[in-house]
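Colleague:
Residue numbers (my numbering): 733 to 1510.
(1) Sort 1378, 1387 and 1393 by Cα distance to residue 1358 and report the nearest one.
(2) Got a sec: does the ligand HEM put a non-hydrogen atom nearer than 7 Å to the Cβ of residue 1301?
(3) Look up residue 1061 in the DSSP assignment and say whether it is helix, strand or coil.
(4) Suppose the cutoff is 7 Å on Cβ atoms and the five residues either side in sequence are ignored; what does the same chain contact list for residue 935 look like?
(5) Quick check on the burial criterion: 16 or more other C-beta atoms within 10 angstroms. Buried or exposed for residue 1490?
(6) Quick one: grab the DSSP three-state call for residue 1326.
(7) In chain order, what residues of the same chain lie with their CB nearer than 8 Å to the CB of residue 1185, ignoring the 5 residues before and after it?
(8) Classify residue 1320: buried if its beta carbon has 16 or more other beta carbons within 10 angstroms, exposed otherwise.
(9) What is the DSSP secondary structure of residue 1491, counted as helix, strand or coil?
(10) Grouping DSSP H, G and I as helix and E and B as strand, with all else coil, what is residue 1150?
(11) Check whether the region 987–1002 touches the region 1110–1125, taking contact to mean three or more Cβ pairs, one atom from each stretch, closer than 8 Å.
(12) What whole-angstrom Cβ distance do residue 1347 and residue 1317 have, given they're in contact under 8 Å?
(13) Please report how far the alpha carbon of residue 802 lies from the alpha carbon of residue 1024, in whole angstroms.
(14) Output the residue ranges of the alpha helix (DSSP H) runs that lie fully inside the region 743–802 and measure 4 residues or longer, sorted by chain position.
(15) Give the secondary structure of residue 1192 by DSSP, where H, G and I count as helix, E and B as strand, and everything else as coil.
(16) Taking DSSP as the reference, what is the three-state secondary structure of residue 1421?
(17) Give the list of continuous beta strand (DSSP E) stretches no shorter than 3 residues that lie fully inside the region 1006–1087.
(18) Buried or exposed: which applies to residue 1229, given that a residue is buried once 16 or more other Cβ atoms fall within 10 Å of its Cβ?
(19) Ignoring anything shorter than 4 residues, give me the alpha helix (DSSP H) runs that lie fully in the region 1272–1317, in order along the chain.
(20) Since residue 1343 contacts residue 1331 with CB under 8 Å, what's their CB separation in whole angstroms?
(21) Is there contact between the region 944–959 and the region 975–985, where contact requires at least three CB pairs shorter than 8 Å?
(22) Out of 1445, 1434, 884 and 1399, which one is the CA nearest neighbour of residue 1296?
(23) Any idea what DSSP makes of residue 1340, helix, strand or coil?
(24) Could you check which residue in 1106, 1080, 944 and 1019 has the C-alpha nearest to that of residue 1129?
(25) Suppose you measure from the CA of residue 794 to the CA of residue 835; what does that come to, to the nearest Å?
(26) Can you tell me whether residue 1356 is helix, strand or coil according to DSSP?
(27) Kindly indicate which three-state DSSP category residue 1396 falls into: helix, strand or coil?
(28) Do you know how far the Cα of residue 872 is from the Cα of residue 813?
(29) Do three or more CB pairs link the region 1191–1205 to the region 1132–1150 at distances below 8 Å?
(30) Inspect the CB distances between the region 1453–1464 and the region 1420–1434 and report whether three or more fall short of 8 Å.
(31) Helix or strand or just coil, what does DSSP make of residue 840?
(32) When you compare the CB positions of residue 1451 and residue 1475, do they come within less than 8 Å of one another, or not?
(33) Starting from residue 1410, follow the alpha helix (DSSP H) in both directions and report where the run begins and ends.
(34) With which residues is residue 1443 paired in a DSSP beta bridge?
(35) For residue 1507, is the classification buried or exposed, using 16 other Cβ atoms within 10 angstroms of its Cβ as the cut-off for buried?
(36) Quick check on the burial criterion: 16 or more other C-beta atoms within 10 angstroms. Buried or exposed for residue 908?
Following this line, the structure appears as structure tokens:
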């Protein structure tokens, strides 16, 4: 029986919808169903065999249409389909197509090399030998043809296209007609070659050869009339057709269609004699994040301009800052004018155009010169109106760039400014499937799920590469498949299917401890562990409620950690980030540690930028701001409050993609939260880290010793217990680690004086080592 994912009824509905043209065939779905058949127990009934047969024939048909050929995999699937169901019409039709494909591979020359009466005997003999070889090759194919013809005859009754049936009949007669002249060539060339001596030859054989070649050439002309090459009659795809074929970009397609219509309209007005003072503006700005197709769209726009007759060429000359900005006075103008000259008649495409003008650049930076030269050439001079400029870059940077240069902005009308949005997750999955198909692979159901997970994990911030990132994921999966697959007994599917395992990044990595286990293994922190368990459990349950369509409460994930130094706040923050990744809330689960020095700058505007930069680094993880209260300062010119305001704004914008933990002393942290109402409302979870007790500090020292290959004698432990105060130490965990390091150094100094050190003495910290520590002062 089939598993729950697909039932016989669902398969039948899907197949019916495809036959009615309501849904396209999906190779991944087909493989998903076939995989279920393979996993199902028991013997297949006739209905199941018919489904398997139909799916295999559809896979074969899709592969045949895509590759324009019948390869070994198409043949195999067709044969399997017919084995399962001898009445499968599509499989029979593909069988006939396979027969046609074979016949088209038969090497029959449309023109034979000439034999001239004036040729020398050796030349005649050589040409006769070539004819003989051509005939022999043809008859080797004849044997295969007979076998193929015999096999395909049972498929002919299933041909729905009467024209195709006529083609079969015509091609069989054609092939039979070819055999007679080729037999004549085979016989005559053998006798002719023997008869040739100097300029003398057998005229009879010569005439037979000439007659036979003319018959073959005539038959080949007829063949070409009935079966022209696939390229003949092929209507070339327009740039708009190509654009509409792309996945996603719906808003862009509408904008470009409107722009195309407008340009067509403007051109027609000019043709009819109407005037246009401002002419037709072809210059364009494309904004979008990485991998959204800005360069591809620029090339399509060049084709559109060319197809409309607005440009002489559809070529795009691509440049960036390094090719335009010179190192000395005058070089930038030369480089820019040279680029404009190269692009004349086509499109000059400048990617990441905002790099031409850098804020705070030194006086010897000539980016502005490039902009001035470009603007001048767009509006005047010999190249004005002969080329189009397309600037591209990330949205925010391009907005800043254009604001900084009103003269440049005015050259790009609003309708020529196109923003390309990020692809949706479903569009990215379609792109992944297409990229896999382009590399002759099919994604299984599990592969698609794992691919989705990889994509979602990578979608952390604006640096996500969209289609480019998806391409890298697919190529990595192909690499993983090839590098881990044994070639001893490979199956055909090993070269066709990408499986879930091929997409797993950590499949060869040793399994790590869970964040929960790591937290529980920390010494002390009983209340902290309880609070963290409640917090992560709350997040996990709210996620499950959301996934099941239930109302979910807002996630209170930002936290305030209060406590003295060394109480484990940074360590717990790191495990908090890891646990949020494990439950699927955070994509990276890393910890970024920031302090006042990392956030506050010396002048207006820079502080907000520094804060945004560190937040960008923390996206998908946890931003841990230690001693956060230091952001508040008494002096009037301090920019710490700018950090707080920026932090509140960014937390709102990035929502669950950013978790912030503020850490410090309790009273000071309350003052910080009181300084901004928005800040307090976002930090409702407060976790107090108590000081460690004496016994906990000793446990830490013992644990550290065990981890590093040391041990303390009982006497050393007893003396250490006497040394430490009952209420612990203000340094907490840092104090314990420092104490252990001092003990190791004291032990090393003691052992170095021995003439010979026993290997058993090397790991042992003795009571006398602790005694020296007491004398030095704890």
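Virtual Cβ for every residue (Gly too), placed ideally from N, Cα, C.
Note that the coordinates shown come from a computational prediction; the quantities given were computed from them, not determined experimentally.
Modeller: So, from the data block:
(1) Position 626 of the chain shown, counted from the first residue, corresponds to residue 1358. The shortest C-alpha separation from residue 1358 is found at 1393.
(2) With respect to small molecules bound, the structure shown includes none, and the ligand HEM cannot be examined in it.
(3) As a first step, residue 1061 must be located in the chain shown, where it is residue number 329. Coil, per DSSP.
(4) By one-based count along the chain shown, residue 935 stands at place 203. Correct list: empty, nothing qualifies.
(5) Counting from one through the chain shown, the residue named residue 1490 turns up at place 758. Exposed: under 16 other Cβ atoms inside 10 Å.
(6) For the purposes of this step, residue 1326 is taken as residue 594 along the chain shown, with counting starting at 1. Residue 1326: strand per DSSP, three-state reduction.
(7) Here residue 1185 corresponds to residue number 453 of the chain shown, with the count starting at 1. 1235.
(8) Looking up residue 1320 in the chain shown gives position 588. It counts as buried.
(9) Here residue 1491 refers to the residue found at position 759 when the chain shown is read from its first residue. Three-state DSSP puts residue 1491 in coil, outside helix and strand.
(10) For the purposes of this step, residue 1150 is taken as residue 418 along the chain shown, with counting starting at 1. DSSP places residue 1150 in strand when its eight states are reduced to three.
(11) no
(12) Indexing the chain shown from 1 puts residue 1347 at position 615. Indexing the chain shown from 1 puts residue 1317 at position 585. Rounded, the Cβ-Cβ distance is 17 Å, inconsistent with contact.
(13) Here residue 802 refers to the residue found at position 70 when the chain shown is read from its first residue. Here residue 1024 refers to the residue found at position 292 when the chain shown is read from its first residue. Going by the C-alpha atoms only, they are around 35 Å apart.
(14) 759–771 and 778–799
(15) The sequence position of residue 1192 within the chain shown is 460, counting from 1. Note: residue 1192 maps to coil in three-state DSSP.
(16) By one-based count along the chain shown, residue 1421 stands at place 689. Strand.
(17) 1016–1020, 1048–1051 and 1079–1083
(18) In the chain shown, counting from the first residue as 1, residue 1229 sits at position 497. By the neighbour-count rule (16 or more Cβ atoms within 10 Å), residue 1229 is buried.
(19) 1301–1314
(20) Position 611 of the chain shown, counted from the first residue, corresponds to residue 1343. Position 599 of the chain shown, counted from the first residue, corresponds to residue 1331. About 5 Å; that satisfies the 8 Å criterion.
(21) no
(22) In the chain shown, residue 1296 corresponds to position 564, counting from 1. Checked all of 1445, 1434, 884 and 1399; the closest Cα to residue 1296 is 1399.
(23) Against the chain shown, residue 1340 aligns to sequence position 608. Residue 1340 falls in the helix class under three-state DSSP.
(24) On the chain shown, residue 1129 is found 397 positions in, with the first residue counted as 1. It is 1019.
(25) Walking along the chain shown from the start, residue 794 turns up at place 62. Walking along the chain shown from the start, residue 835 turns up at place 103. If I take the Cα positions, the gap works out to 21 Å.
(26) Translated into positions along the chain shown, residue 1356 becomes position 624. Strand.
(27) To locate residue 1396, count along the chain shown from 1; it is residue 664. DSSP places residue 1396 in strand when its eight states are reduced to three.
(28) By 1-based counting over the chain shown, the position of residue 813 is 81. By 1-based counting over the chain shown, the position of residue 872 is 140. Taking the straight line from one Cα to the other gives about 29 Å.
(29) no
(30) yes
(31) Your numbering for residue 840 matches position 108 in the chain shown. It is coil, neither helix nor strand.
(32) As a first step, residue 1451 must be located in the chain shown, where it is residue number 719. As a first step, residue 1475 must be located in the chain shown, where it is residue number 743. No.
(33) Taking the chain shown and counting its residues from 1, the one referred to as residue 1410 is at position 678. Where residue 1410 is concerned, the enclosing alpha helix (DSSP H) stretches over 1409–1414.
(34) Position 711 of the chain shown, counted from the start, is the residue given in the question as residue 1443. Answer by DSSP bridge pairing, in chain order: 1496.
(35) For this step, residue 1507 is matched to residue 775 along the chain shown. So residue 1507 ends up on the exposed side.
(36) Taking the first residue of the chain shown as 1, we reach residue 908 at position 176. So residue 908 counts as exposed.
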